[in-house]
Amino acid sequence: EDDEDDEDKGPQEILQCIAFFWAGRETKNMHWLRFKFGGALDNLKKVVMREYRCDLQVVREYQHRESLEFLSLFNRDIVMHEGTYEDYLKSTTPMLYRLHEWQPTIFTKTVQEELDARAFSHDDCFIIRLPFDDGRSGVIYSWAGRNATENLRHTLARTCDSVLFGEKSSFSRQVVTPSLEPRHFFLSSLNVSALPLFSFEDERPHDGIGSLRFFSCSARCGNFTIEEKSDWYCQDDLHDEGVVFLACLSGVSYLWIGPFASDVVIKLARASAKQYGLRHAHVGKIVEVCKGEEPFDFKAYFHGWSTPLTKAKELSRPFDFLGQVVGKNYRKCYGYDVVKDTIEQERNDDVAAREFRTLQNKQKKTKEETQKAKLKQQLQQQQQQQSKAQEVTNTVTLESEDDDYESEDDGSESGGDEGSYEIDDEEEEEGEEEKEDGYSTHPVVYDV
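Going letter by letter, the sequence shown gives residues 46 to 493 in the working numbering.
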């Protein structure tokens, strides 16, 4: 009977527990290390094992690169603020949020953007939180574009009613229709008299995030490759070692060049962008953009552009990567005064070091030349002394030879019959040996 009951129950479900650790762009990596090695993770695993009798799986999530499992916990809708939650509650400055729906409809995001009227587009929805001086009350304006979908409009209404934007009693809600914006609060917070979206509607510089194609050009695998981000993209996809081509359906297209991109990748990316423009008639002018000098229209194509993210790359400059860190490309990419001052100081230090090295080399050369001259003089003096000594020895040997010759002449005249002189065999051998040596010490006299 027990076996039959077990069969009726069917296979038992395995319980899984997953913990998500989400980190923003501006947070430090120390928070993750404290959570992992500081004891908090071990305590959490013990609690899960005691309560649910299963292991805990920890998944780390990054801003704008969240997984679908993480977004499903928030009904595929998430709101991202800048700074801490306490700063958000105490701030009295107006804030701008953009709601974008990634096509096909996967999820929607509400991200705080830079407060600028040029960020508005008809494809997205926008929220302006305008607190009063006390910080506890204010007005929340919701603005929906003409091309926004119904799903995006529903998420706009739901996010405006959320607790994060203040309670209903303290913050009032107001829906704003396009081209009928109130001047008292809505336009005063943006410092404009009218939105530029309607002032030059025919020549719009950008049509929103969903109206372009994102192509990443790189040579990571050893070959030049072009990949298109079909699902969604963010600012983190702009790699320093590659080139990105943003092909807009209407208006201006951009070719973003990284500071550490090689010359081969840049040339091939330019050629491919030109070929794409020739094949597609809707692609207009292609503008090249370097890192750190992006115009606002380029930033508007990215959901949640962060300026500290570009400045954080500046701190990772202790090495010289292919000679481009100190070159002109680096100065174009990072237009900051601090970097320029450091580059000038480094160059001045290099010039001073080179001058010092040249002086040292000149001093070494002069010392070597003086030492060589002294050695030459010493050698000449030694040669002169040796030549004088040889002359003295030669004169002495000549005088001794003359004396010997005179003595032998005297002996030959006194001894012998009829002036004849007999030569023994031994004397002849000695005479031949002395001839071989080159000179003779004993003269030989023959009868004539």
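We treat Cβ as the ideally placed atom computed from N, Cα and C, and that holds for glycine. In this text, all values refer to a predicted model and were calculated from it rather than measured experimentally.
For the ligand SAM, I want to know if D132 counts as a neighbour, meaning its beta carbon is within less than 8 Å of at least one of the ligand's heavy atoms. By its list of ligands, the structure shown contains no ligand whatsoever, and the ligand SAM lies outside what it can speak to.
Would you call the region 314-329 and the region 89-105 touching, i.e. three or more CB-CB distances under 8 Å? Under the three-pair Cβ rule at 8 Å, the region 314-329 does not count as touching the region 89-105.
Give the DSSP bridge partners of M94, in chain order. Translated into the one-based positions of the sequence shown, residue 94 becomes position 49. Paired residues: none, contrary to the question.
Given that a residue counts as buried once 16 or more other Cβ atoms are within 10 Å of its Cβ, and exposed if not, what is G84? Translated into positions along the sequence shown, residue 84 becomes position 39. When all chains shown are included, G84 counts as exposed.
Kindly list the residues whose CB is nearer than 6 Å to the CB of I172, restricted to its own chain and excluding five residues on each side of it in sequence; keep chain order. Residue numbering aside, residue 172 sits at position 127 when the sequence shown is read from its first letter. Contacts found: Y142, S187.
Collapsed DSSP secondary structure at V237 in the structure displayed: Residue numbering aside, residue 237 sits at position 192 when the sequence shown is read from its first letter. Per DSSP, reduced to three states, the secondary structure at V237 is coil, with no helix or strand assignment.
H327 and L294: beta carbons closer than 9 Å? For this step, residue 327 is matched to residue 282 along the sequence shown. For this step, residue 294 is matched to residue 249 along the sequence shown. Yes, these two residues count as a Cβ contact at 9 Å.
Where the alpha helix (DSSP H) containing K154 begins and where it ends: Numbered from 1 along the sequence shown, position 109 holds the residue referred to as residue 154. Unbroken run through K154 is the beta strand (DSSP E), 153-158; no alpha helix (DSSP H).
Classify R174: buried if its beta carbon has 16 or more other beta carbons within 10 angstroms, exposed otherwise. Counting from one through the sequence shown, the residue named residue 174 turns up at place 129. Of the other Cβ atoms in all chains shown, 16 or more fall within 10 Å of the Cβ of R174; this residue is therefore buried.
Under the three-state reduction of DSSP, which class applies to S317: helix, strand or coil? As a position in the sequence shown, residue 317 is number 272, starting the count at 1. Correct three-state label for S317: helix.
Less than 9 Å between the beta carbons of S256 and I271, yes or no? Numbered from 1 along the sequence shown, position 211 holds the residue referred to as residue 256. Numbered from 1 along the sequence shown, position 226 holds the residue referred to as residue 271. For the 9 Å CB-CB criterion, S256 and I271 do not form a contact.
Looking only at C-alpha atoms, which of H348, T129, A162 sits nearest to S233? Looking up residue 233 in the sequence shown gives position 188. Closest option to S233, Cα to Cα, is A162.
Between Y133, E195, R203, which lies nearest to P176 when the distance is taken from Cα to Cα? Taking the sequence shown and counting its residues from 1, one reaches residue 176 at position 131. Residue nearest to P176 within the set Y133, E195, R203 is Y133 (criterion: CA-CA distance).
Locate the beta strand (DSSP E) running through T122, then write down its first and last residues. Stepping through the sequence shown from its first residue, residue 122 is reached at position 77. Here the sequence assigns Asp to residue 122, which means Thr is not the residue at that position. Here the beta strand (DSSP E) through D122 covers 122-125.
Does the structure place the region 120-131 close enough to the region 75-84 that three or more beta carbon pairs sit under 8 Å? No, they do not touch.
Between the C-alpha atoms of G322 and A292, what's the straight-line distance to the nearest angstrom? Here residue 322 refers to the residue found at position 277 of the sequence shown. Here residue 292 refers to the residue found at position 247 of the sequence shown. Near 9 Å, if we compare the C-alpha coordinates of A292 and G322.
Using CA coordinates, which residue listed in H325, V289, Q423 is at the minimum distance from V334? Counting from 1 along the sequence shown, the entry for residue 334 is found at position 289. Considering only alpha carbons, the answer is V289.
Can you tell me where the beta strand (DSSP E) with A68 in it begins and where it stops? Against the sequence shown, residue 68 aligns to sequence position 23. Unbroken beta strand (DSSP E) run through A68: 62-68.
When the Cα atoms are used, what is the spatial distance from Q426 to K412? In the sequence shown, residue 426 corresponds to position 381, counting from 1. In the sequence shown, residue 412 corresponds to position 367, counting from 1. Taking the straight line joining both Cα atoms gives about 21 Å.
Closest residue to V184 among Q416, M140, K330 (Cα-Cα distance): On the sequence shown, position 139 is the one that residue 184 refers to. Of the candidates Q416, M140, K330, the one whose C-alpha sits nearest the C-alpha of V184 is M140.
Mapping the DSSP letters down to three states, classify S351 as helix, strand or coil. Counting from 1 along the sequence shown, the entry for residue 351 is found at position 306. Coil.
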